[in-house]
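First to last, the protein sequences are chains A, B, C and D. Heads up: the first sequence runs through residues 195 to 473, numbered per our numbering. Heads up: the second sequence runs through residues 195 to 473, numbered per our numbering. Heads up: the third sequence runs through residues 195 to 473, numbered per our numbering. Heads up: the fourth sequence runs through residues 195 to 473, numbered per our numbering. Backbone N, C-alpha and C fix where the C-beta goes; we use that ideal spot for every residue, glycine too. Take a look at the structure set out below.
Number of protein chains: 4
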Amino acid sequence: MERHTLLIDCPDRPGLVHAITGVLFRHGFNVLANGEFVDAAAGHFFMRTEFTGVLDREQVGRELADALGGGTNMRFARPTADKSIVILVTREPHCLGDLLIRHEYGELDGSIRAVVGNRAVLAPLAERFGVPFHHVGHEGRDRAAHEAEILEVVERYQPDYLVLAKYMRVLTPAFVDRFVCRIVNIHHSFLPAFAGASPYQQAYDRGVKIVGATAHFVTADLDQGPIIAQGVIPIDHTHGPGEMAQAGRDVEKIVLARGLRLVLQDRVFVSGNRTVIFD
Amino acid sequence: MERHTLLIDCPDRPGLVHAITGVLFRHGFNVLANGEFVDAAAGHFFMRTEFTGVLDREQVGRELADALGGGTNMRFARPTADKSIVILVTREPHCLGDLLIRHEYGELDGSIRAVVGNRAVLAPLAERFGVPFHHVGHEGRDRAAHEAEILEVVERYQPDYLVLAKYMRVLTPAFVDRFVCRIVNIHHSFLPAFAGASPYQQAYDRGVKIVGATAHFVTADLDQGPIIAQGVIPIDHTHGPGEMAQAGRDVEKIVLARGLRLVLQDRVFVSGNRTVIFD
Amino acid sequence: MERHTLLIDCPDRPGLVHAITGVLFRHGFNVLANGEFVDAAAGHFFMRTEFTGVLDREQVGRELADALGGGTNMRFARPTADKSIVILVTREPHCLGDLLIRHEYGELDGSIRAVVGNRAVLAPLAERFGVPFHHVGHEGRDRAAHEAEILEVVERYQPDYLVLAKYMRVLTPAFVDRFVCRIVNIHHSFLPAFAGASPYQQAYDRGVKIVGATAHFVTADLDQGPIIAQGVIPIDHTHGPGEMAQAGRDVEKIVLARGLRLVLQDRVFVSGNRTVIFD
Amino acid sequence: MERHTLLIDCPDRPGLVHAITGVLFRHGFNVLANGEFVDAAAGHFFMRTEFTGVLDREQVGRELADALGGGTNMRFARPTADKSIVILVTREPHCLGDLLIRHEYGELDGSIRAVVGNRAVLAPLAERFGVPFHHVGHEGRDRAAHEAEILEVVERYQPDYLVLAKYMRVLTPAFVDRFVCRIVNIHHSFLPAFAGASPYQQAYDRGVKIVGATAHFVTADLDQGPIIAQGVIPIDHTHGPGEMAQAGRDVEKIVLARGLRLVLQDRVFVSGNRTVIFD
């Protein structure tokens, strides 16, 4: 029996769940899990439903559209097996390595098509796992030319998502706007604390007792996009910036993988600058 | 607009959510939050719905019964303002004190009717907050006589729940059976580790690096009842059993309060020896 | 056998631990616990030693001064039983209530002399525990006059520390400078995120997945003082600012109590804007 | 300037720190970090000191022995660069993959000499990183013969430590006794809860709200050896045993890596069935 996921968001009104489940019921679908949320402040409704059954997407889509009226975002999720990503990296191997291992052993809910690095140092790691690596150096090029070349490489693979796995260059709004809610970044701090460069040095200077990591969608505003997942670890006065960075790597890779899993499983709705997550 | 909570659990079958939300929709109720869960292994369905509207409990109950058929447990939650508890204690003040402060300032979702202690030491604490304290000493009485007297005191207050806030006596099955899923205990370990007496000494002897606390329903089997909430704190080799106990008090009181809140807000279903919690 | 705590910090140089432990050894003291830390960047040494023995403070102090030379901060901690605090509050009871219960049952490592509120609402809570409450309203007074009156009340008690237990007024640099490293505040966010007013609203607007609390020393820069302790709790999209605030109260009171315990037990050194903590 | 680590444990008596630091001071060593602990119940002293300087191990060792008398365990740690491990695995790739990536990028504090599997499935993973893999199948052999062959393979590499990275066979006491405090295992539960087989199924059946992982030294008693590190993650009623296992993999690999780092950096003393850790 095939498994499907229906994703709906629309202005809230009474009877939505009844109307939606009615369509699913008439088709004899078996609902496995249902998540609903009403953002009362925004007056907006979100729903994610997993069900099994023989699905005629067009027919069921038409009936749902009839039942729900206009202004509705509605789609059936594509199977995770069909999802694809391209990963951008610079020098650090821990996030990329973690994703490659998950990918190799079927834990990623998507397919890594390629890795693009502004440094070449991680080429051997990607290649160990048979994933193409493209070195697009930024030296001697202006930002626009560099991004144009990255874009050219990325578009060869037509990925669903870009993943910034410790990619240490800022992307321009022009680039970001081509991938709205489709670029997932890991920032090595507990945002909004320590946005920008050198978060561990900032954390050391401020003398915090906990550091963290944040997986978020990238928007034109650096480090300001909707947050998907966060994690923290305790530190103390014996941690210099280097020790924090070392301790932080584990939480970075785990939080990035968790955030990416949520995205690839279509568990994340974006609502303004916030996320609604059906986990 | 009055706020209501509907609680339903029954054998799973297709169309349940549609049928239930249909009844609510026809009455013009506005659903605020909906939680559903199907225990696939047990083939059982659980649902908790909060809604506003003018509710004729009997009429709506009849319609839901018609829509759902037999074998259904269905009830409307009583307002938390009407819920009452009696707290049993021995010597330690931290859990009782925490509940009294929450109660005093409207954070408890229920009313503390009385405190019963097998020691008298906490009488002044209860009395500072104007809550009656009953000392029912166990010395010189056999267990049956002691429990009979406790029961006599408790029944004067007709509480919805009993809360064991570091009550250090084991209750007999005969007593427990009078309050099925109505006694909430805090055990000072991360169950099932260190069940029974002196969990911090056991934790010290075993050399664990994390200790915890568990809020659970009391059943006839000591420390084996359905778990509602758990919490943990890190420890290290510098913690003797005494230091663990001190550090553990904070997690004990927080976990007990969290578990009790879930119970008083009717967020907890018991399914065999497990809980389903709509948080 | 009396228990003593020696606190030393000075510019780092080889042989410090040997010199210090030599003095203690010659007096036949039995060292129970020793904490040392060298801030390599600052070239500064910190040490906290607990020992038992018959202590002639002047004589031992002289010998330590001889052994260590100039530029050394050295003192024997006063017994926690002699430490005193005055608590400042506004409206919220959870931190004050938690401290009062700990105080009542000997878990505070210090004595609460009085509570001062810019609102009167918490007077009954303090009075339930026999602690004097002073209402110093800020309405109709300018800031200077208000602080002058608070200061007048505080000075009657000559406390070692002031504790801001959800005191919602900003203190002026003039006030703060009278109590250098002697005012402990609980801020209801994970600093430096969400400094300033309404941190839970800020956290909601930013869409974070974890919120927290920070105990810190108050300096002239609002929310910028040295951090003593921090804690966090997970949240999700179902938490509005009100639900965050409710969930946050538990971590606020626990983190404040933990930070205050560290301070009262003389476990905290301040080094620039950072703390060195021997826990 | 070379960096050294001195490890000492002996019966406690006054003056130990003074005597030890005296020897180090006379040789002009610069102490970077010092950890001391007295297990008061056992009357035993533990110390770990990192220092820089030109070390004549024999000479300094002799002076320390003179200063401390008999009954002292004293050694200088070997450089982590010289430490070696052999990893035993069965089918699951996440722990092995995580260690291989760390190893490849210099984050392991030791060298992986080989991987031994009772299944062959992980051979390609080891080989991707150029690490020899030996398949020693257990089928058709009795336990003694199987272990003899593993031992034969292991001894070729003369490793300092064996790491059981989800090795799903029980080792016999005869095997374990050859590697006292030299075998590090990751158990996929929060020991002592759910010792033995199928911990996630056990956790599901018990209905716990938190699961965890434990890194420990292997002793002849299954799952009873000294605990080095533990970690936990929250779960709820929606997690079946399979979902728990998936969620648990991240904590397993992080806890194993953390425990192994502590061991390889000589930060772990074993005291009876407990560990003293200078982190």
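Subject >> Closer than 7 Å at the beta carbon, the chain D residues around residue 287 of chain A >> reply: Counting from 1 along the first sequence, the entry for residue 287 of chain A is found at position 93. Neighbours of residue 287 of chain A on chain D, chain order: 295, 299.
Original post:
Would you call residue 379 of chain D buried or exposed, if buried means 16 or more other Cβ atoms sit within 10 Å of its Cβ?
Top reply: As a position in the fourth sequence, residue 379 of chain D is number 185, starting the count at 1. With 16 or more other Cβ atoms within 10 Å, it is buried.
Original post:
From D:279, D:417, D:281, D:403, pick the residue whose C-alpha is nearest to that of residue 401 of chain B; which is it?
Top reply: Residue numbering aside, residue 401 of chain B sits at position 207 when the second sequence is read from its first letter. Among D:279, D:417, D:281, D:403, the Cα nearest to that of residue 401 of chain B is on D:417.
Subject >> Alpha carbon of residue 247 of chain C to alpha carbon of residue 433 of chain B, nearest angstrom >> reply: For the purposes of this step, residue 247 of chain C is taken as the residue at position 53 of the third sequence. For the purposes of this step, residue 433 of chain B is taken as the residue at position 239 of the second sequence. Their backbone Cα atoms lie some 23 Å apart in a straight line.
**OP:** Please decide whether residue 461 of chain D counts as near chain A, where near means a Cβ-Cβ distance under 7 Å.
**Re:** Along the fourth sequence, one-based indexing puts residue 461 of chain D at 267. No, because no Cβ of chain A sits closer than 7 Å to the Cβ of residue 461 of chain D.
Subject >> Residue nearest to residue 264 of chain D in terms of C-alpha spacing, selected from D:356, D:205, D:441, D:350 >> reply: Position 70 of the fourth sequence, counting from 1, holds the residue named residue 264 of chain D. The alpha carbon of residue 264 of chain D has as its nearest neighbour, out of D:356, D:205, D:441, D:350, the alpha carbon of D:205.
Original post:
Using a beta-carbon distance below 7 Å, is residue 219 of chain D in contact with chain C?
Top reply: The residue given as residue 219 of chain D occupies position 25 in the fourth sequence. Answer yes: the Cβ-Cβ gap between residue 219 of chain D and chain C drops below 7 Å somewhere.
Original post:
Mind pulling the chain C residues with CB within less than 7 Å of residue 209 of chain D?
Top reply: Reading the fourth sequence from its first residue, position 15 is the one you call residue 209 of chain D. Ordered by position in chain C, the residues that pass the 7 Å Cβ test against residue 209 of chain D are 219.
Subject >> CA-to-CA distance, residue 363 of chain D to residue 268 of chain A, given in whole angstroms >> reply: Along the first sequence, read from residue 1 onward, the residue named residue 268 of chain A stands at position 74. Along the fourth sequence, read from residue 1 onward, the residue named residue 363 of chain D stands at position 169. Each residue's Cα considered, the two are about 49 Å apart.
Subject >> Limits of the unbroken alpha helix (DSSP H) element including residue 340 of chain A >> reply: Sequence index remark: in the first sequence, residue 340 of chain A carries index 146 (1-based). Taken as a continuous stretch (DSSP letters only), the alpha helix (DSSP H) holding residue 340 of chain A covers 337-351.
Original post:
Can you give, in chain order, each stretch of the alpha helix (DSSP H) that sits fully within the region 286-314 of chain D and has at least 4 residues?
Top reply: Listed in chain order, the complete alpha helix (DSSP H) runs (minimum 4 residues) inside the region 286-314 of chain D are 288-298.
Subject >> Test: residue 381 of chain C CB closer than 7 Å to a CB of chain A >> reply: The residue given as residue 381 of chain C occupies position 187 in the third sequence. Chain A contact via Cβ: absent.
**OP:** Indicate whether at least one CB of chain C lies closer than 7 Å to the CB of residue 386 of chain A.
**Re:** Counted from its first residue, the first sequence places residue 386 of chain A at position 192. In terms of beta-carbon proximity, residue 386 of chain A lines the interface with chain C, with at least one pair separated by less than 7 Å.
**OP:** Have a look at B:399, B:218, B:372 and flag the residue whose alpha-carbon is nearest the alpha-carbon of residue 436 of chain B.
**Re:** Locating residue 436 of chain B in the second sequence gives position 242, where the first residue counts as 1. Proximity to residue 436 of chain B across B:399, B:218, B:372 peaks at B:399, based on C-alpha coordinates.
**OP:** Determine the extent of the beta strand (DSSP E) in which residue 253 of chain C is found, giving its start and end residues.
**Re:** Sequence index remark: in the third sequence, residue 253 of chain C carries index 59 (1-based). Unbroken run through residue 253 of chain C is the alpha helix (DSSP H), 251-262; no beta strand (DSSP E).
Original post:
Is residue 371 of chain A buried or exposed, if buried means 16 or more other CB atoms sit within 10 Å of its CB?
Top reply: Residue mapping note: residue 371 of chain A aligns to position 177 of the first sequence, counting from 1. Under a 10 Å Cβ-count criterion, residue 371 of chain A is classified as exposed, with fewer than 16 other Cβ atoms of the shown protein chains found around its own Cβ.
Original post:
According to DSSP, which residues form a beta bridge with residue 242 of chain A?
Top reply: By one-based count along the first sequence, residue 242 of chain A stands at place 48. Paired residues: A:201, A:229.
Original post:
How about the region 275-287 of chain D and the region 348-355 of chain D: do they share at least three Cβ pairs that are nearer than 8 Å?
Top reply: Enough Cβ pairs lie closer than 8 Å, so yes.
Original post:
Looking at residue 258 of chain A and residue 239 of chain A, is the spacing between their C-beta atoms short of 7 Å?
Top reply: On the first sequence, position 45 is the one that residue 239 of chain A refers to. On the first sequence, position 64 is the one that residue 258 of chain A refers to. Not a contact, by the Cβ cut-off of 7 Å.
**OP:** Mind the definition here: the region 300-312 of chain B touches the region 449-462 of chain B only if three or more C-beta pairs lie below 8 Å; say whether that holds.
**Re:** By the Cβ criterion, the region 300-312 of chain B is in contact with the region 449-462 of chain B, since at least three pairs of Cβ atoms, one from each stretch, lie closer than 8 Å.
Subject >> Proximal residues of chain C, C-beta to C-beta of residue 212 of chain D below 7 Å >> reply: For the purposes of this step, residue 212 of chain D is identified with residue 18 of the fourth sequence, where counting begins at 1. Chain C residues near residue 212 of chain D: 212, 215, 216, 219.
Subject >> is_contact[residue 404 of chain D, chain B] using C-beta, thresh 7 Å >> reply: For the purposes of this step, residue 404 of chain D is identified with residue 210 of the fourth sequence, where counting begins at 1. Judged by the 7 Å Cβ criterion, residue 404 of chain D is in contact with chain B.
Original post:
What do you get for residue 199 of chain D, buried or exposed, if any count of 16 or more other CB atoms within 10 angstroms of its CB means buried?
Top reply: Here residue 199 of chain D corresponds to residue number 5 of the fourth sequence, with the count starting at 1. Classification for residue 199 of chain D: buried.
**OP:** Can you give me, in chain order, the residues of the region 414-440 of chain B that have a beta carbon less than 7 Å from any beta carbon in chain D?
**Re:** So the list reads 420, 421, 423, 424, 426, 430, 431, 432, given in the order they occur along the chain.
Original post:
Quick one, which of D:344, D:236, D:384, D:295 has its alpha-carbon nearest residue 368 of chain D's?
Top reply: If you number the fourth sequence from 1, residue 368 of chain D lands on position 174. It is D:344.
**OP:** Ignore the nearest five residues each way along the sequence and tell me which others in residue 286 of chain D's own chain have a CB closer than 7 Å to its CB.
**Re:** Here residue 286 of chain D corresponds to residue number 92 of the fourth sequence, with the count starting at 1. Same-chain partners within the cutoff: 360.
Original post:
Quick one: Cα of residue 293 of chain A to Cα of residue 391 of chain A, how far?
Top reply: For this step, residue 293 of chain A is matched to residue 99 along the first sequence. For this step, residue 391 of chain A is matched to residue 197 along the first sequence. Here the alpha carbon of residue 293 of chain A sits roughly 24 Å from the alpha carbon of residue 391 of chain A.
Subject >> Continuous beta strand (DSSP E) stretch holding residue 424 of chain A: start and end >> reply: Against the first sequence, residue 424 of chain A aligns to sequence position 230. Here the beta strand (DSSP E) through residue 424 of chain A covers 421-428.
**OP:** Please report how far the alpha carbon of residue 266 of chain C lies from the alpha carbon of residue 202 of chain C, in whole angstroms.
**Re:** One-based indexing of the third sequence puts residue 266 of chain C at position 72. One-based indexing of the third sequence puts residue 202 of chain C at position 8. Between the alpha carbons of residue 266 of chain C and residue 202 of chain C lies a gap of roughly 7 Å.
**OP:** Please go through the same chain and pick out, in chain order, the residues whose beta-carbon is closer than 7 Å to the beta-carbon of residue 472 of chain D, but skip the five residues on each side of it.
**Re:** Working through the fourth sequence from its first residue, we reach residue 472 of chain D at position 278. Excluding sequence neighbours, residue 472 of chain D sits near 229, 242, 461.
Original post:
Start and end of the beta strand (DSSP E) containing residue 284 of chain A?
Top reply: Indexing the first sequence from 1 puts residue 284 of chain A at position 90. Counting along the chain, residue 284 of chain A falls outside any beta strand (DSSP E), and DSSP gives it neither H nor E.
Original post:
Do residue 307 of chain D and residue 353 of chain D have their C-beta atoms within less than 7 Å of each other?
Top reply: Locating residue 307 of chain D in the fourth sequence gives position 113, where the first residue counts as 1. Locating residue 353 of chain D in the fourth sequence gives position 159, where the first residue counts as 1. Yes, Cβ-Cβ distance for residue 307 of chain D and residue 353 of chain D is below 7 Å.
**OP:** Compute the distance between the beta-carbons of residue 405 of chain C and residue 425 of chain C, then report whether it is under 7 Å.
**Re:** Within the third sequence, residue 405 of chain C is the residue found at index 211, counting from 1. Within the third sequence, residue 425 of chain C is the residue found at index 231, counting from 1. No. Outside cutoff.
Subject >> Contact under 7 Å by Cβ, residue 231 of chain C with residue 470 of chain C >> reply: Mapped onto the third sequence, residue 231 of chain C falls at position 37. Mapped onto the third sequence, residue 470 of chain C falls at position 276. Yes, these two residues count as a Cβ contact at 7 Å.
Original post:
Excluding the five sequence neighbours on either side, which residues of its own chain have a C-beta within less than 7 Å of the C-beta of residue 289 of chain B, listed in chain order?
Top reply: One-based indexing of the second sequence puts residue 289 of chain B at position 95. Once the five neighbours on either side are set aside, the close Cβ partners of residue 289 of chain B are 359, 360, 380, 446, 447, 450.
Original post:
Under three-state DSSP, which class holds residue 449 of chain D?
Top reply: As a first step, residue 449 of chain D must be located in the fourth sequence, where it is residue number 255. Residue state, collapsed to three classes: helix.
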